[in-house]
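Peer 1: Pasting in a structure now, in C-alpha cells, and then I'll have a few things to ask.
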Amino acid sequence: MKKTWIPELDGLRVLMIFMVSWYHIWQQSWLTPVIGTYSLDYLLRSGYVWVDGTVLLSAFLLFLPYARAKRDRTDLPDPRAFYRRRARKILPGYYTILVLTFLFICLPWGLYYSPQFMVKDAATHLTFTFPFFYDTYITTPLGAACWTLAIEVQAYALFPWIARAALKRPGRTAAVLTGLCFGFRLWCIWSLADFNMVVNQLINFLDVYVLGCLAASVYARTEKRERKPWTRWAATAVFLLALWGLLRMLRIQAASSVYTADSGIAGRIAGWLGMERGSSNYPIIQRNQMLYRPVYAVLFGGLILSAPLSLTPLRKLLGNPVTRFLGGISMNYYLAHQTVIVHMRRLRFPWSEAEYPNQAGEQPWQTRYTLLAFGISLAAAVLITYLVEKPVQRWMDRMRERKRVNAA
1 MKKTWIPELD
11 GLRVLMIFMV
21 SWYHIWQQSW
31 LTPVIGTYSL
41 DYLLRSGYVW
51 VDGTVLLSAF
61 LLFLPYARAK
71 RDRTDLPDPR
81 AFYRRRARKI
91 LPGYYTILVL
101 TFLFICLPWG
111 LYYSPQFMVK
121 DAATHLTFTF
131 PFFYDTYITT
141 PLGAACWTLA
151 IEVQAYALFP
161 WIARAALKRP
171 GRTAAVLTGL
181 CFGFRLWCIW
191 SLADFNMVVN
201 QLINFLDVYV
211 LGCLAASVYA
221 RTEKRERKPW
231 TRWAATAVFL
241 LALWGLLRML
251 RIQAASSVYT
261 ADSGIAGRIA
271 GWLGMERGSS
281 NYPIIQRNQM
291 LYRPVYAVLF
301 GGLILSAPLS
311 LTPLRKLLGN
321 PVTRFLGGIS
331 MNYYLAHQTV
341 IVHMRRLRFP
351 WSEAEYPNQA
361 GEQPWQTRYT
371 LLAFGISLAA
381 AVLITYLVEK
391 PVQRWMDRMR
401 ERKRVNAA
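Residue numbers (this note's numbering): 1 to 408.
This is the structure:
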C-alpha cells in the first residue's frame, strides 16, 4: 500500500493545537510559566497566532492529493469522496459537542437571553454559518473556538473546484485569491475601527490557503527523491531557522499595543500606506495580526516542508505513537477545550478563596486550574473520539458499503 501519511505532521498539529489551547487556558488562569529567567509570557499572549498554522497545515494536506495526482498523472480526487471524508471526520464529534454543550450547559445555566437567539445560535452552528453574525460568533455560549472549524468547512465547500483551477492555471488562481485577500484586508484596516468580525473570516485566510497549496506542490515534487545526508542537515537547519523566526515574530506580536498606535514593523507599514491611527480605541493587535499573517504563513510553511525531510531525532520527536494518538483526538480536543475551561470557571472548579483568583494571582489555584483544564479537556476528547466519533464512522462506512452492494 502506497504511503500517504506523513507522521511528522502529527507532531506539528499537536504543537499548534496545544499552543492555542494554552492561550485560552491562560486567558482564564493568568498563569505565566517561567523557565529559569526565561518568561513564556510572549508565547501565551500571542497563542492565537498558531491558528494560522493549523489553517495552513489543513490547506497543505487538502491540496497534497491533487499535487500528487498531477505529478503521477493519475485521476484527480473525486469531489463526492472528498465531501464524504470531510463529513465522516468532522460531523460526529462536532455535533456531539454541540448537543452536549446545548443540553447540559446552555439550557440549565440559562445562557440564552431570548428564544430567538437560542434558535439562531443553534441553527447557525449546525450549518457552520455562525461567524457571519456578531451574536452567534462573539457572544455564543456554544464554544468560541468552533469558528476555526466553521471557516475550514466553508473552505471545504469550495476546495475541490479551487484545487482544479490551481492545477490548470496556478499563477492566475493564486493571484486572484491573494488579490481578494489583500484587498479585503487593506479595506478592513483602512475603513474599520473594529476588526472582531473580519479578522478571522475565510476571505482573510485566502493567502494562507494559497501558501499551503504551494507548499504541498513543492513537497509532492520532492518527496520521492533520494535523501542524502546533506539534505537532512539542510532541512533541519531550515526547520530551526523557521522556528526561530516564528518565535521572533510571536514576540513582536505579543508586544503589540492593545489600542494605541505603535512604532513596530506593522505600524510603519500602516504609516506608509496612510493607515496609521492614534485613536484610543483602534485595535492595533488585530491590525498587526492581519498585516503579519503572510509572514506567519511562510514560517509555518517552512516548518511543514522541512520537518519530514529533517534528521532522524527531529523526525522521531514529531512523528511517533504518542503524537499520532494525540493527533487523532486533536480536533475533538480543540472543539471541546474552551467550553470545558469556561464552564470550570462557571462552576468555580477547582475551588478558590478569591472570587477572581486569576486577578488575585492565587496559588495553588492557578496551577491546579491549568493542569485540570488540560487534563479534563484531554479526557473529554478521548471519550468523544472513541465512544462517539469512531463508532459513528464505522456505522457510516457500513451504510455506504451496504448502499454500494445494493446498487450493484
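Even for Gly, the Cβ is constructed at its ideal location relative to N, Cα and C.
Can you check which of these residues, A381, Q393, M197, is closest to F133 by C-alpha distance?
Peer 2: M197
Peer 1: Could you pull out every unbroken alpha helix (DSSP H) segment of at least 4 residues lying fully inside the segment 363-404, listed in chain order?
Peer 2: 365-384
Peer 1: Would you kindly check if the distance between the Cβ of G36 and the Cβ of T385 is under 8 Å?
Peer 2: no
Peer 1: Whose CA, out of I284, F300, M344, K70, lies closest to the CA of A193?
Peer 2: Measuring C-alpha to C-alpha distances from A193 to each of I284, F300, M344, K70 identifies I284 as the nearest.
Peer 1: Closer than 7 Å by C-beta to A410: which residues in its own chain qualify, once you throw out the five before and the five after it? Chain order, please.
Peer 2: Nothing about residue 410 can be reported from this structure: the residues present for the chain run from 1 to 408 only.
Peer 1: Take every Cβ of the segment 306-320, pair it with every Cβ of the segment 338-355, and state whether three or more of those distances are shorter than 8 Å.
Peer 2: The segment 306-320 vs the segment 338-355: no contact.
Peer 1: Can you list, in chain order, the residues of its chain whose CB lies under 7 Å from that of K224, leaving out five sequence neighbours each side?
Peer 2: none
Peer 1: Start and end of the alpha helix (DSSP H) containing F130?
Peer 2: Per DSSP, F130 belongs to no alpha helix (DSSP H) and is neither H nor E.
Peer 1: Would L211 and G143 qualify as a contact pair, given that the criterion is a beta-carbon distance under 8 Å?
Peer 2: no
Peer 1: I'd like the list of long-range same chain contacts for A67, defined as Cβ closer than 6 Å, with 5 residues on each side in sequence excluded.
Peer 2: A216, S217, A220
Peer 1: For T323 versus D10, is the C-beta distance shorter than 8 Å?
Peer 2: yes
Peer 1: Answer yes if the segment 79-98 comes into contact with the segment 389-400, meaning at least three C-beta pairs across the two stretches below 8 Å, and no otherwise.
Peer 2: yes
Peer 1: With distances taken from CA atoms, which of Y334, V295, L250, K403 is nearest Y42?
Peer 2: L250
Peer 1: For a quick check, are the C-beta atoms of L167 and K70 less than 8 Å apart?
Peer 2: yes
Peer 1: According to DSSP, what are the bridge partners of Y415?
Peer 2: Residue 415 cannot be examined here, being either before or after the span of the chain that is shown, 1 to 408.
Peer 1: Just to confirm before moving on: does the CB-CB distance between I25 and A373 stay below 8 Å?
Peer 2: A contact, by the Cβ cut-off of 8 Å.
Peer 1: Tell me whether W50, by its Cβ, gets closer than 7 Å to a heavy atom of the ligand SAM.
Peer 2: In the structure on display, the ligand SAM does not appear, and there are no ligands present to speak of.
Peer 1: Using the Cβ count rule (16 or more neighbours within 10 Å means buried), how would you classify L313?
Peer 2: Here residue 313 is Pro; the residue named in the question, Leu, does not match the sequence. Classification of P313: exposed, given that the 10 Å Cβ count is below 16.
Peer 1: The alpha helix (DSSP H) that contains A174, what's its start and end?
Peer 2: 170-191
Peer 1: I need the DSSP call for E355, collapsed to helix, strand or coil.
Peer 2: Coil, per DSSP.
Peer 1: Grab me the residues of M19's own chain with a C-beta within less than 8 Å of its C-beta, minus the 5 sequence neighbours each way, in chain order.
Peer 2: Once the five neighbours on either side are set aside, the close Cβ partners of M19 are L43, G47, W50.
Peer 1: For R287, which option in W190, A360, E355 has the closest C-alpha, if you only look at C-alpha atoms?
Peer 2: The alpha carbon of R287 has as its nearest neighbour, out of W190, A360, E355, the alpha carbon of W190.
Peer 1: Nearest to Y137 by alpha carbon, out of V14, F195, L15, P170?
Peer 2: F195
Peer 1: For S306, which of helix, strand or coil comes out of DSSP?
Peer 2: Three-state DSSP puts S306 in a helix.
Peer 1: Within its chain, find whatever has a CB closer than 8 Å to the CB of M290; leave out the 5 residues flanking it on each side and keep chain order.
Peer 2: R185, C188, I189, F195, V199, N204
Peer 1: Could you give the distance in angstroms between the alpha-carbon of W272 and the alpha-carbon of L299?
Peer 2: Legend: pLDDT at W272 = 49, less than 50; position of this residue unreliable, value from coordinates given subsequently. C-alpha separation (whole angstroms): 24 Å.
Peer 1: Grouping DSSP H, G and I as helix and E and B as strand, with all else coil, what is F195?
Peer 2: coil
Peer 1: To the nearest angstrom, how far is the alpha carbon of L180 from that of L318?
Peer 2: If I take the Cα positions, the gap works out to 35 Å.
Peer 1: Considering V49, what are the terminal residues of the alpha helix (DSSP H) in which it resides?
Peer 2: Counting along the chain, V49 falls outside any alpha helix (DSSP H), and DSSP gives it neither H nor E.
Peer 1: Where does P283 sit, in a helix, a strand or coil, going by DSSP?
Peer 2: The DSSP-derived three-state label of P283 is coil.
Peer 1: Give me the Cα-Cα distance between L76 and A59, rounded to the nearest whole angstrom.
Peer 2: 16 Å
Peer 1: Whole angstroms are fine: how far does the CA of R13 sit from the CA of Q393?
Peer 2: 22 Å
Peer 1: Write down every uninterrupted run of the alpha helix (DSSP H) in the segment 102-168 whose length is 4 residues or greater and which is fully enclosed by it, in chain order.
Peer 2: Taking only runs of at least 4 residues, the alpha helix (DSSP H) segments lying wholly in the segment 102-168 are 115-126, 134-138, 147-168.
Peer 1: In chain order, what residues of the same chain lie with their CB nearer than 8 Å to the CB of M118, ignoring the 5 residues before and after it?
Peer 2: Taken in chain order, the residues that qualify are C106, Y112.
Peer 1: Is there a Cβ from chain C that is less than 8 Å from the Cβ of R88?
Peer 2: Although the question refers to chain C, the structure presented lacks it and comprises just one protein chain.
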